[in-house]
Amino acid sequence: MESKSPTEEVEQAMVAIRRRQNKRSLAKAAGSTPENTALSDVLDVVDSEHGQCSVATIADRLAVDQPRASKLVARAVGDGLVRRESDQSDGRRSLLSLTDSGHRAVETMHTFRRDLFGRAMAGWSGRERTEFARLLSDFVARMEELSP
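Laid out in structure tokens, this is it:
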């Protein structure tokens, strides 16, 4: 049996991760519906943009069209998780921010995912976890640089 190169192993691992993401495995493990999963994705983006998020940002980060992003944002606003605020530098644009309920929902998501990832790394030493985090973060950053 021929051994695989590290690059081949990374490719296979990334394909497996993509398949799990497409099946929404994390969301299913959390008991989320597909619509709630989309809403969670919106909250993740708003949280990561620290108050500088627009509907266009949501559309770009989630790779959806503007009308779909608008519907998702409207639902998040309607559910009291996100609020729209006027952009002081461009009155035609609204910026999105998390409400207190939105912050609590994001914290719940972070806690769930971190617990799951921690269990996946059970048995690894602290040093192995630190090295994995460093390498994975570096890999993702480099992939972002290569993406069009």
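In numbering that gives the first Met the number 0, the protein residues as written are 0 to 147. Where a beta carbon is used, it is the ideal one built from N, C-alpha and C, also for glycine.
When the Cα atoms are used, what is the spatial distance from residue i to residue j?
{"i": "R126", "j": "Q87", "result": "46 Å"}
{"i": "S53", "j": "S2", "result": "47 Å"}
{"i": "K70", "j": "R92", "result": "16 Å"}
{"i": "L134", "j": "H109", "result": "21 Å"}
{"i": "M13", "j": "S146", "result": "15 Å"}
{"i": "R60", "j": "N21", "result": "16 Å"}
{"i": "V41", "j": "A119", "result": "25 Å"}
{"i": "R67", "j": "D99", "result": "24 Å"}
Which of the three DSSP states is assigned to residue i in this structure?
{"i": "V39", "result": "Per the sequence shown, the amino acid found at residue 39 is Ser instead of Val. Three-state DSSP puts S39 in a helix."}
{"i": "E8", "result": "helix"}
{"i": "V45", "result": "helix"}
{"i": "E106", "result": "helix"}
{"i": "V63", "result": "coil"}
Buried or exposed: where does residue i fall if 16 or more other Cβ atoms within 10 Å of its Cβ makes it buried?
{"i": "E85", "result": "Note on residue identity: the sequence assigns Ser, not Glu, to residue 85. The residue in question, S85, is exposed, as its Cβ has fewer than 16 Cβ neighbours within 10 Å."}
{"i": "V72", "result": "buried"}
{"i": "A121", "result": "exposed"}
{"i": "G101", "result": "buried"}
With distances taken from CA atoms, which of the options is nearest residue i?
{"i": "F116", "options": "I16, Q11, S4, D89", "result": "I16"}
What is the C-beta distance between residue i and residue j, in whole angstroms, given that I count them as a contact (C-beta under 8 Å)?
{"i": "V45", "j": "S96", "result": "7 Å"}
Would residue i pass as an interface residue toward chain D - the criterion being a Cβ-Cβ separation below 8 Å?
{"i": "T107", "result": "Although the question refers to chain D, the structure presented lacks it and comprises just one protein chain."}
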